[in-house]
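With positions in the sequence shown counted from 1, the corresponding number in my numbering is that position plus 205.
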Amino acid sequence: MPATTVTLLAKPGCHLCDVARDIIEDALLDFPQVELVEHSILDDPELFERHRNDIPVVLVDDVVHTIHRVDSTRLRAALAAEAP
Numbered sequence: 206m207p208a209t210t211v212t213l214l215a216k217p218g219c220h221l222c223d224v225a226r227d228i229i230e231d232a233l234l235d236f237p238q239v240e241l242v243e244h245s246i247l248d249d250p251e252l253f254e255r256h257r258n259d260i261p262v263v264l265v266d267d268v269v270h271t272i273h274r275v276d277s278t279r280l281r282a283a284l285a286a287e288a289p
């Protein structure tokens, strides 16, 4: 099991979600122990109701890290802080 998990809440056709995914994937090149999990809010009515106007949402170990725009430097700092 990975030490840290980054979760991306997104939906198909969301440009900001695509940008967030690219930033996350690039950051994770430096953190191979971190797992990326992606959920479409369209597949979960509760997630849809909670986040339909606020995607993408990025969680680090189930804690909201970012809503809308992902900052690579901030994400990398959070991942470094979580590193074992």
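For each residue, glycine too, the CB sits at the ideal point set by N, CA and C.
Need the endpoints of the beta strand (DSSP E) that residue i sits in, please.
i    : result
I228 : No beta strand (DSSP E) contains I228, which is instead part of the alpha helix (DSSP H) from H220 to L233.
R280 : As written in the sequence, residue 280 is Leu, which differs from the Arg given in the question. Per DSSP, L280 belongs to no beta strand (DSSP E); it is in the alpha helix (DSSP H), S277 to E287.
L241 : V239 to S245
Span of the alpha helix (DSSP H) holding residue i?
i    : result
H256 : P250 to H256
Which residues share a DSSP beta bridge with residue i?
i    : result
A208 : Answer by DSSP bridge pairing: none, since A208 is not bridged.
I272 : V262
Can you find the residues in the same chain that come closer than 8 Å, C-beta to C-beta, to residue i, ignoring five residues on each side of it along the sequence?
i    : result
K216 : C222, S245, I246, L247 and I260
T209 : F236, Q238, V239, E240, V265, D266, L284, E287 and A288
Excluding sequence positions up to five away, which residues of its chain have a Cβ less than 7 Å from the Cβ of residue i?
i    : result
R257 : I246
I272 : D259 and V262
Assuming residue i and residue j form a contact by the criterion Cβ under 8 Å, report the distance between their Cβ atoms to the nearest whole angstrom.
i    : j    : result
A225 : L213 : 6 Å
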